[in-house]
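Chains as they are written, first to last, in this note's numbering: chain A, 5 to 519; chain B, 20 to 339; chain C, 3 to 371.
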């Protein structure tokens, strides 16, 4: 192993519209190492990596590859010097094949006509060497998330990557897929390729990394070797203080009431645009009952059906067979309700913040607060300014939403604050059933604690809560009951005494049909 | 028109091809631009400006092929403006197109009046000053048989630019299917993020596509004023640029689809001309000429109403 | 010292600069066609504001622009480009003409005015309804459909004037002159306007101002306006919030069409007192420029309408005084305004921001507030 670091970022500073995102941040990645990068949301991790890859330009500082200072003015320059980057939201041309996608953006030999035979052979070779399990001629649209990730890695290898950066690679992977990824990292390491992993998953990083760097408020405050410190100590560095997330023990004294929502034999087919001749089912034979004062978590791999069920219950999607009973009424496929009707019935819905459905960025926070509510209450001149403003201010104080400017545009608030706002709004409607999809996505640790406290309070008051979460720790902390989905079916129900993480992972990967 | 006479039908098809040609050039231009992700409402303006440029140049210098080149340059100039506003400065693409149309209308009127003092038009061009028609070689006799008419009316004898238009369709088809540059244009319109992360330049790709589209529009305008027509008349495009846009949507942004759509519009246009003064089903009611004039526009609306939301549109169209 | 400009100042300055660019570009074109720019500018300014006749005409044109500008701006807030104000105004004129020629001398003026307003609004709303419905439920591109409807409207007007409403007394394709009972009072006929020169400026001017206020309140204080803006900013989020997107689009387009239709009140009932060809002489397209300069805010549109009114009035004086300039120069400047203020809107923004923040240097914050 050489002593010259493969990648070095020196004194990088960057600001966006007056906000200092990075302040003299320095990072050194050794050749052939696995290097983890951790930090809170907004600390600057992503920005630093984007600068390394040339997607952003630093205000000051420089970048060195193998000891030489290089001006990285775009991804092409970064790629030329052996840098590769995998983004969390993998972005491909769905209609084209794997081969065509990998070849895209390469220098063009012939503008008129070009076959990809040479590239194809080399890619086959690399694919075999690293054990990838897809065919080069498959259409991208047919690949799973983890397969796409592998295509991304293959492309980086094809371009001679020396330092591979991955931004939150494990967020959407199952435990088995994560393990496979870690093995891949080790394989890359033996080839002398450095792997840089940006992630929130401290436990996993502690397990696999040679070095972990902690970023806080735009600076790399410390780089440590995991063998010297514990996960808790790293957490303390990241957050600045110890944070306790309320444990399951706090919840045992709530008596769950009668059933609030019952789903019976629900089926939902995929929408007609699918190419498959036989219509395939998104949801099969779903039977579920949720009681008041109960927190139920729906868990599964992406696409397994938990989000889809949530959408159906919320009234956002229709279903094809079966029945939903709620608020004393029964709904079947033909009499199903839509979102606004669901709201009127007493169902609140906090959507996945990634989709941008909860708030409208251009609206002030006061105006965003009115979305979905007060549908019948006001007609003309109904936007009585003062009462809405007071209401908004009250909520902002209660939920610690900063900065304290209700008239500021919603989009200017941080992702975590936006999420808190949406939650505040929905909870304020006092729903009988609250639905949440990834409730703490993008929220920092302190915000997560606040949200959990609010959810427990709701539970105490008798609200039924149904949530979908990818974060197994979150499920363990919150849920009275976990419902495991696989390929559209419910395969297991676990109550809180059975909620040991190992069991969950096993069930998700093997799909065992036990109770 | 005698609906049973095959010869008249062939004449109709002949006219359709002639009327479809400017639409085809413009629609292909729009296709290039929109495939790379840039909306192009300014087809009308570019056609107008190039029609004027061609006619003005030929009137002044007498050299016809230069007129075509100047037309292409003029349209490319406006295309450059559009690209500058939309790509470099991320301006609103629809508004830019509207501005270009307005500038073209006013600019051609002002320049036309200043240069020729004929109320905005250019002097009528003599035959020698227009683009030639191409006749196919061949031993086919000229008589009234179906084959003869099909050969001499429909296939041979069209203006040179008509053949250029049809060849363009084939070239663009090949371009998108086989050329890596074509795939880049496709990527810029479908998923620019993927293209830029892969190291390609969305910026340059879009500029190139918009400029190439401008060149095609130039051919459309040249055909109008010095190919099909005999000089420039004020606002001579009368909405053809927008009809071309409708043809693009109807043709699902593919060269083959666009070709068929333009032929359809050309056919309907030719049909409506033949229906002037015609009695409606022997009732004695003559279709008012204004209705005939409205027909292309009404038909465009009907065509658009029939295309339910377009999953065929390039996914990143219009988004920055 | 900490010079802090209010946040809207940047935008205001940017617009002024952009308008300046457009005017400079127009001046360049004038120079290229052998016109003395200084002389032209003088004629333009004096023609628009120099005497009460000029001011009267300026405000008369401004009335039209307020209607079409509001029409475009209202639709814009819901995310729609209404390029069809031209055709909608035409239909509005037809609506007015139908009522005036039928009831012109049989109903009291007050009732007649109510009827013409409603009639114009209905006709204009209808013309905008079809493109709106097609956009909402068939996904048809609203820019193309509204432009098509412009062409259809102008052919329709020709048909009506040649065949149906044609005046038997006159050779030209115009309708008969309406009964004087139906005419809108001119401002110079009103008690407070007696000293003003005789111009077509009429009471619809006040209706235009009122409409600006009403649209302002509609957008910012009413539920429908709120829903329209929500749809305009994020159709997905609005749909999620239970807002019926299709209904919002259709209602917004109808209101937009109704606003544009009131040009008919000003032109037909207020000025010419008969239906003529091409009476909407490009006012619909000018409305786009007016809305852009006014940043689609109804109150600012009052100002930008007056600016464009001055441009039109000054421009016609220019055409009258200088030989080879037609009204096309005004159209050119209009296009330049749309280009610089609309498409190249942000071209100079970084430079202006930097120039303005020079006074703020001492107060640079550390990012937290």
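Ideal Cβ positions, reconstructed from N, Cα and C, are used throughout, including at glycine. Only a predicted model underlies this, so the values are computations on that prediction, with no experimental measurement involved.
| Check | Outcome |
| --- | --- |
| Return the residues of the region 52 to 69 of chain B that lie within a Cβ-Cβ distance of less than 7 Å from chain C, sorted by chain order. | 60 |
| According to DSSP, residue 216/A sits in a beta bridge with which residue or residues? | 40/A and 228/A |
| Counting only the same chain and skipping the five closest in sequence on each side, list residues whose C-beta sits under 8 Å from that of residue 343/B. | What the structure shows of chain B is the stretch from 20 to 339, and residue 343/B is not part of that stretch, so it cannot be assessed. |
| Any Cβ of chain C within less than 8 Å of the Cβ of residue 333/A? | no |
| Between residue 479/A and residue 311/A, is the Cβ-Cβ spacing less than 8 Å? | no |
| Mind listing the chain A neighbours of residue 216/B? Cutoff is C-beta to C-beta under 9 Å, in chain order. | 57, 59, 79, 89, 91, 95 and 109 |
| Restricting to Cα atoms, I'd like to know which of 55/A, 54/A, 62/A and 87/A is closest to residue 70/A. | 87/A |
| Taking the straight line between their C-alpha atoms, what separation do you get for residue 206/C and residue 118/C? | 12 Å |
| Residues of chain C with CB closer than 9 Å to the CB of residue 351/A, please, in chain order. | By Cβ distance, chain C contributes nothing, its closest Cβ being about 12 Å from residue 351/A, past 9 Å. |
| With three or more beta-carbon pairs closer than 8 Å as the criterion, would you say the region 77 to 87 of chain A touches the region 126 to 142 of chain A? | no |
| Can you name the residues that DSSP bridges to residue 527/A? | Residue 527/A falls outside the range modelled here, since chain A spans only 5 to 519, and no answer is possible. |
| What does residue 330/A reach in chain C if we use C-beta pairs closer than 7 Å? | Within chain C, no residue comes near residue 330/A; the closest Cβ sits about 17 Å away, beyond 7 Å. |
| Could you please give me the residues that DSSP links to residue 348/A through a beta bridge? | None, per the DSSP bridge assignment. |
| Use the C-beta contact count for residue 79/B: other C-beta atoms within 10 angstroms, 16 or more gives buried, fewer gives exposed. | exposed |
| Under a three-way DSSP split, which group does residue 23/B fall into? | coil |
| I need the boundaries of the beta strand (DSSP E) containing residue 28/A, first residue and last residue. | 23 to 33 |
| Can you pull the chain C residues whose beta carbon is under 7 Å from the beta carbon of residue 376/A, in chain order? | 243 and 244 |
| If the cut-off is 7 Å on Cβ atoms, which residues from the region 262 to 291 of chain C count as contacting chain B, listed in chain order? | 287 and 290 |
| For the alpha helix (DSSP H) that contains residue 116/B, what are its first and last residues? | 112 to 135 |
| So is residue 117/B in contact with chain C if we call contact Cβ pairs under 8 Å? | yes |
| According to a CB-to-CB cut-off of less than 7 Å, which residues of the region 220 to 235 of chain B neighbour chain A? | none |
| Three or more beta-carbon pairs under 8 Å between the region 266 to 278 of chain C and the region 24 to 37 of chain C, yes or no? | no |
| Looking at the strands, I want to know which residues DSSP matches up with residue 223/A. | 220/A |
| For my contact list, residue 73/B and residue 292/B are in at a C-beta cut-off of 8 Å; report their separation, rounded to the angstrom. | In fact, because the Cβ distance is near 24 Å, the residues do not count as touching under 8 Å. |
| To the nearest angstrom, how far is the alpha carbon of residue 170/A from that of residue 60/A? | 17 Å |
| Across which residues does DSSP place residue 18/A in a beta bridge pair? | 26/A |
| Near residue 144/A, what residues of its chain come up, given a Cβ to Cβ distance below 8 Å and the 5 sequence neighbours on each side ignored? | 96, 97, 98, 99, 100, 101, 102, 105, 152 and 155 |
| If distances are taken between C-alpha atoms only, which option among 252/C, 172/C, 63/C and 191/C comes closest to residue 286/C? | 63/C |
| In chain order, what residues of the region 221 to 238 of chain C put their CB closer than 7 Å to some CB of chain A? | 223, 224, 225, 228, 232, 235, 236 and 238 |
| Under three-state DSSP, which class holds residue 41/C? | helix |
| Helix, strand or coil for residue 12/A per DSSP? | strand |
| Residue 66/A by DSSP, collapsed to three states: which one? | strand |
| Mind checking residue 319/B: buried by the 16 CB within 10 Å criterion, or exposed? | buried |
| Please name the residue or residues paired with residue 89/A in a DSSP beta bridge. | 169/A |
| At a Cβ cut of 7 Å, what residues of the region 174 to 185 of chain B count as close to chain C, listed as they run along the chain? | none |
| For residue 83/A, return the contacting residues in chain B, with the cut-off set at a CB-CB distance below 7 Å. | 218 |
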